[in-house]
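The numbering used here applies: residue 48 is where the sequence shown begins, and numbers increase by one. Every residue gets a Cβ at the ideal spot worked out from N, C-alpha and C, and that includes glycine. Below: one structure, written as structure tokens.
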Amino acid sequence: MKITIRCLLCCAFVLGSSAAAADRSDDQAKACASASGNLAVSACTGVIKSRRWSAASHAIAFNNRGVAYFGLAQYQRAIRDYDRAIALNSNYAEAFNNRGNAYNSLDQYARAIADLDRAIALKPGYAHAYYNRGDAYVSLRLFARAAADYDAAIAHQVDYAKAYGGRCWARAALGQQLLAALTDCAKYLTRRPNDADTLDSRGLVRFRMGDFVGAIVDTSAALSMKPKLASSLYVRGLAKLRIGDVAGGTSDVAMAQRTDPKIARTYAGYGVTP
């Protein structure tokens with residue numbers, strides 16, 4: 048399934064034309080740039096309220112506080128801070144990227160794509176923005192566009208592990224370039240061998256290739272970590288049916304449908320049917 052990455056970008060703060068900041072203000076700026084969660088929220092709020100920092104620094108502080116709110120799953124607050132960062136710096140590619148992430152998390156994909164388009168226009172070669180736009184396209188089931196964006200992310204950052212995982216899923220859903228999809232999943236699993244979503248993706252790849260035993264192995268591994276992962280239950284069930292395990296396959300498919308009543312329709316959309 049899709050894997051999502053959040054770009055936590057911290058930039059150096061810029062002193063205004065006034066005197067150098069006091070020690071406490073310096074500490075707040077450092078924490079705003081490097082901390083997370085409520086500590087970052089507090090530190091960035093201190094920077095925003097301070098008159099010692101330039102407008103450019105305030106834009107960075109709003110962006111970083113937005114990242115902190117995002118990490119706390121407070122997406123609307125994050126968006127409001129990204130709005131303020133962009134109002135202060137209309138060419139702030141990172142803020143557009145991060146706001147796109149927040150819109151993705153709220154299932155507002157058109158807004159997400161518009162922001163990520165802008166981030167890429169401002170910063171050509173922005174691998175994170177390509178990856179995140181790929182995620183939005185996956186959510187819209189526009190898998191060919193998603194694969195193209197993951198291609199671009201990898202082209203600009205060859206060691207971008209999660210982009211390989213995302214491309215594996217896009218190719219699995221498309222049912223295309225399946226050998227390449229196996230390689231993509233393997234590259235991500237080298238970094239995170241116990242990633243249930245990527246094992247799920249590889250299970251679908253192997254199913255499409257007719258390797259039903261391999262599909263059962265991968266989906267079973269995914270289910271050992273996420274026992275209610277409907278996609279793995281469904282694909283494992285279909286794979287069991289293909290090898291003649293009617294009881295086991297029927298049980299898995301039924302459990303998948305109880306977990307997600309739309310699962311059969313979803314996979315039929317991928318061309319995968321009992």
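Legend entry - glutamine 123 burial status per 10 Å Cβ neighbour count (16 or more: buried): exposed
Legend entry - the stretch 155 to 164 in contact with the stretch 177 to 190 per 3-pair CB rule at 8 Å: yes
Inset, instruction - State yes or no: is the C-beta of leucine 285 within less than 8 Å of the C-beta of valine 319? - result: yes
Legend entry - Spatial neighbours of leucine 276 in its chain, beta-carbon cut-off 7 Å, leaving aside the 5 residues before and after: Excluding residues up to 5 positions away in sequence, Ala243, Asp247, Ala269, Leu270 lie with their Cβ nearer than 7 Å to the Cβ of leucine 276 in the same chain.
Legend entry - Distance CB(leucine 229)-CB(arginine 249) smaller than 8 Å: Yes, Cβ-Cβ distance for leucine 229 and arginine 249 is below 8 Å.
Legend entry - Cβ shell of valine 88 (< 7 Å), same chain only, five flanking positions each side left out: Arg112, Ala115, Tyr116
Legend entry - alpha helix (DSSP H) segments (min. 4 residues) lying fully within the stretch 192 to 225: Listed in chain order, the complete alpha helix (DSSP H) runs (minimum 4 residues) inside the stretch 192 to 225 are 208 to 221.
Legend entry - For proline 274, the nearest candidate out of Tyr129, Met302, Asp292, Arg238 (CA to CA): Measuring from the Cα of proline 274, the nearest candidate turns out to be Met302.
Legend entry - Span separating the alpha-carbon of aspartate 198 from that of tyrosine 178: 9 Å
Legend entry - valine 260 versus alanine 168 - alpha carbon distance: Taking the CA atoms as reference points, valine 260 sits about 45 Å from alanine 168.
Legend entry - Residue burial classification, valine 293 (beta-carbon count within 10 angstroms, cutoff 16): exposed
Inset, instruction - Would you please state the rounded distance, in angstroms, between the beta carbons of valine 282 and leucine 236? I believe it to be under 8 Å. - result: Not really, about 17 Å apart at Cβ, beyond 8 Å.
Inset, instruction - Given a cut-off of 8 Å, decide if asparagine 136 and leucine 20 are closer than it, judged by their beta-carbon atoms. - result: Past the edges of the chain, shown from 48 to 321, lies residue 20, and the structure says nothing about it.
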